[in-house]
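All residue numbers for the sequence shown refer to UniProt numbering, where the first residue is 1 and numbers rise by one. Yeah, the Cβ is synthetic: ideal placement off N, Cα and C, and Gly gets one too. Computed from a predicted model, the values in this text were never measured in an experiment.
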Amino acid sequence: ENSEWATPVVVVMKPNNKIRLCGDYRLTLNPVLEKVVYPLPRIEYIFEQLRGGKQFSKIDLSDAYQQVRLSPESQKLVTISTHKELFKVTRLPFGICNAPALFQKLMDNLIAGIPGVVCF
């Protein structure tokens, strides 16, 4: 891959002893990103929305950010550099400062209007 951006790779050990390859975006992209401001839900709000509920379920999206496909323009910005080559990242990577806000907004829009459903 070719890219004007190349972020150093960081290896993160997951709790299940598997590894996750991440980019160290603190050094490259995060300092120049326009920060996305989107409120994460407060616990009081969540409990208020769920009050009176009779049945509850929890859906845990495995590697949640990996469910979000990036545009081709964004893919060029999050390219990871290893000792061998550059790798194009096609999904929202961990380590991007705006990832929590972007993902929360996406999920809130997805479930908007469904009674008794809260995303956190």
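Contact with chain B by residue i, beta-carbon distance below 8 Å
i	result
Ser3	Of the protein chains in this structure there is only one, and it is not chain B.
Same chain, Cβ closer than 7 Å to residue i, neighbours up to 5 away in sequence not counted
i	result
Leu77	Trp5 and Leu29
Leu40	Pro100 and Gln104
Length of the line joining the Cα atoms of residue i and residue j
i	j	result
Phe82	Tyr25	A small fix is needed here, since residue 82 is Thr in this sequence, not Phe. For Thr82 and Tyr25, the distance between alpha carbons rounds to 14 Å.
Val118	Ala101	15 Å
Val32	Glu44	34 Å
Asn16	Leu92	21 Å
Val37	Ile80	25 Å
Leu21	Phe56	34 Å
Lys14	Glu48	33 Å
Asn109	Pro72	22 Å
Same chain, Cβ closer than 6 Å to residue i, five either side skipped, listed in chain order
i	result
Ile96	Tyr25
Val12	Arg20 and Cys22
8 Å contact criterion, which residue i and residue j should meet: CB distance rounded
i	j	result
Gly116	Gly53	6 Å
Sequence-distant residues of the same chain with beta carbon closer than 8 Å to residue i, five excluded per side
i	result
Thr90	Arg69, Leu70 and Gln75
Leu86	Glu1, Asn2, Ser3, Ala6, Thr79 and Ile80
Leu27	Thr7 and Pro8
Ile46	Val118 and Phe120
Phe103	Ala64, Tyr65, Val68 and Leu92
Exposed unless 16 or more other CB atoms sit within 10 angstroms - verdict on residue i
i	result
Ile120	A small fix is needed here, since residue 120 is Phe in this sequence, not Ile. Classification for Phe120: exposed.
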